[in-house]
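The next block holds one structure in the form of structure tokens; read it before the comments.
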Amino acid sequence: MKKDLFLITSLTLFFAGCTTARLPQGPDVFSLTKFPESEATVAVPKVVDARGTKNVGMIGAAGIQVRSDIAPFATNHLIRAVNSQMKLNVVRTEAITKNNAANILKSNNATNALVVSITSLKMHSIDAIMQPVEVDVTMGVTILNGQGQAVLEKTIAGHYEKRIGLSVVDKTTGELVDKVIQDAMFNLVKDEEIKKGLNLRV
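Numbering (numbering that gives the first Met the number 0), first residue to last: 0 to 201.
Shown next, in the form of structure tokens:
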């Protein structure tokens, strides 16, 4: 009986209605590694959700939404990636613009700022039983120096796909978002231009 009920619920999600992705717990950013030998400290404000809509696409006939909690979630992934993979000291700050960057960097003893915004997030599958769900994210990346000047502006993308069968639920779609954010952060920290902009040897 429970199995039949699960099947009916899952099929309903495929053919009608919408679901909101429930994001998993993000990475721990309360115990960052300190690198005394590093000359660079990067100021990282909260990632900006610049998508303009919570709707990210369709799985079958079901609409999928991702709420604005993706911003702090992505911020934690960004801080963890920069700290652990780039091996840079990171300080979390308030929102940074070209106008206030110089003051914020000086007050936090930071050499530069890494400002990231999510510009688009898409999720799509015509039939998630037979085909994988494809998820794509694009992020705008700006690096500001101590004078508040933009030394780099570019776009970073992330992609992930997985066949999820009948498990079109808030938890599963949240895990898909988690994976595509991780892919984008991997591409960000491996990007040679970004490394150079953050004063890393490339």
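Glycine included, each C-beta is placed from N, C-alpha and C at the ideal position. For clarity, every value in this text was computed on a predicted model and none was experimentally measured.
Pick from the options that is closest to residue i, judged by C-alpha positions
{"i": "Thr52", "options": "Ala61, Ile58 and Arg66", "result": "Arg66"}
{"i": "Asp48", "options": "Val114, Glu192 and Val89", "result": "Val114"}
{"i": "Ala80", "options": "Val188, Ile193 and Leu199", "result": "Val188"}
{"i": "Leu143", "options": "Ile103, Gly173 and Gly164", "result": "Ile103"}
{"i": "Ser106", "options": "Gln24, Ala42 and Asp182", "result": "Ala42"}
{"i": "Ile63", "options": "Asn186, Val132, Gly164 and Tyr159", "result": "Val132"}
{"i": "Glu152", "options": "Leu120, Lys194, Gln181 and His158", "result": "Lys194"}
{"i": "Gly147", "options": "Lys97, Ala61, Leu77 and Asp135", "result": "Lys97"}
{"i": "Val136", "options": "Gly56, Pro26 and Gly25", "result": "Gly56"}
{"i": "Val179", "options": "Ala39, Ser30 and Ile69", "result": "Ile69"}
{"i": "Ala94", "options": "Val168, Pro44 and Lys170", "result": "Pro44"}
{"i": "Tyr159", "options": "Asn186, Asn54 and Glu38", "result": "Asn186"}
{"i": "Glu192", "options": "Asp177, Arg162, Lys161 and Ala149", "result": "Ala149"}
{"i": "Gly25", "options": "Leu120, Gln181 and Arg162", "result": "Gln181"}
{"i": "Lys121", "options": "Asn54, Met85, Lys170 and Ser83", "result": "Asn54"}
{"i": "Ser30", "options": "Thr92, Gly59 and Ser83", "result": "Ser83"}
{"i": "Ile58", "options": "Asp177, Arg162, Asp190 and Leu199", "result": "Arg162"}
Neighbour-count burial assignment, residue i, 16 or more Cβ in a 10 Å radius
{"i": "Met129", "result": "exposed"}
{"i": "Ala20", "result": "buried"}
{"i": "Gly16", "result": "exposed"}
{"i": "Asp126", "result": "exposed"}
{"i": "Thr141", "result": "buried"}
{"i": "Thr32", "result": "exposed"}
{"i": "Arg50", "result": "buried"}
{"i": "Phe72", "result": "buried"}
{"i": "Ala100", "result": "buried"}
{"i": "Ala109", "result": "buried"}
{"i": "Gly164", "result": "exposed"}
{"i": "Thr172", "result": "buried"}
{"i": "Ala61", "result": "buried"}
{"i": "Thr74", "result": "buried"}
{"i": "Ser124", "result": "buried"}
{"i": "Thr154", "result": "exposed"}
One or two residues paired with residue i in a DSSP bridge
{"i": "His123", "result": "Met57 and Glu133"}
{"i": "Met138", "result": "Ile117 and Ile155"}
{"i": "Leu112", "result": "Before going further, note that residue 112 is Ala rather than Leu in the sequence given. Note: Ala112 sits in a beta bridge opposite Ala42 and Leu143."}
{"i": "Lys161", "result": "Val132"}
{"i": "Thr18", "result": "Ile63"}
{"i": "Val47", "result": "Ser116"}
{"i": "Ala149", "result": "Leu143"}
Cβ-Cβ separation, residue j to residue i (assumed contact under 8 Å), whole Å
{"i": "Ala156", "j": "Ala112", "result": "Contact flag wrong, Cβ pair sits at about 22 Å."}
{"i": "Ser116", "j": "Val46", "result": "7 Å"}
{"i": "Pro35", "j": "Glu174", "result": "Not quite, the Cβ-Cβ distance comes to about 37 Å (not below 8 Å), so this is no contact."}
{"i": "Leu197", "j": "Leu87", "result": "7 Å"}
{"i": "Val134", "j": "Thr18", "result": "Not really, about 14 Å apart at Cβ, beyond 8 Å."}
{"i": "Thr118", "j": "Gly145", "result": "Going by Cβ atoms, the distance from Thr118 to Gly145 rounds to 26 Å, so no, they are not a contact pair."}
Complete runs of the alpha helix (DSSP H) confined to the segment 65-110 [at least 4 residues] = 69-83 and 100-106
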